[in-house]
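J.: Pasting a structure here, questions to come.
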Amino acid sequence: FDSIFQYLKSIFQYLDSIFQYFDSIFQYLDSIFQYLNSIFQYLDSIFQYFDSIFQYLDSIFQYFDSIFQYLDSIFQYLDSIFQYFDSIFQYLTVYFSI
Numbered sequence: 001f002d003s004i005f006q007y008l009k010s011i012f013q014y015l016d017s018i019f020q021y022f023d024s025i026f027q028y029l030d031s032i033f034q035y036l037n038s039i040f041q042y043l044d045s046i047f048q049y050f051d052s053i054f055q056y057l058d059s060i061f062q063y064f065d066s067i068f069q070y071l072d073s074i075f076q077y078l079d080s081i082f083q084y085f086d087s088i089f090q091y092l093t094v095y096f097s098i
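Encoded structure:
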């Protein structure tokens, strides 16, 4: 019986060594994936930083666009007033030329 127990013990030790080997491989792979994850998180933070900059610039451009649209509406309003007075003056010149 002692030889059978020794044989079983050697088999379990062999299996244990195999499992330890695979465990070391998985730990190594886990460390690689953690390293890659940290790189991707760093890149993500950089992209978020640039995204925030571009959003800020976009808000500035939208602000200026709204200002220019407002000025354009004012100029269109003034143009309509001037066209109105122009039509009145044309009417008066035709009326008084007769």
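FYI, full-length UniProt numbering numbers position 11 of the sequence shown as 11, with every residue one higher than the one before it. Glycine included, every Cβ here is placed at the ideal spot set by N, Cα and C. Just so you know, these numbers come straight off a predicted model, no measurement behind them.
(1) Quick one: what does DSSP say residue 1 is sitting in, helix, strand or coil?
(2) Output the distance between the C-alpha atoms of residue 28 and residue 22, rounded to the nearest integer angstrom.
(3) How many angstroms separate the CA atom of residue 10 from the CA atom of residue 20?
T.: Looking at the coordinates:
(1) coil
(2) 10 Å
(3) 15 Å
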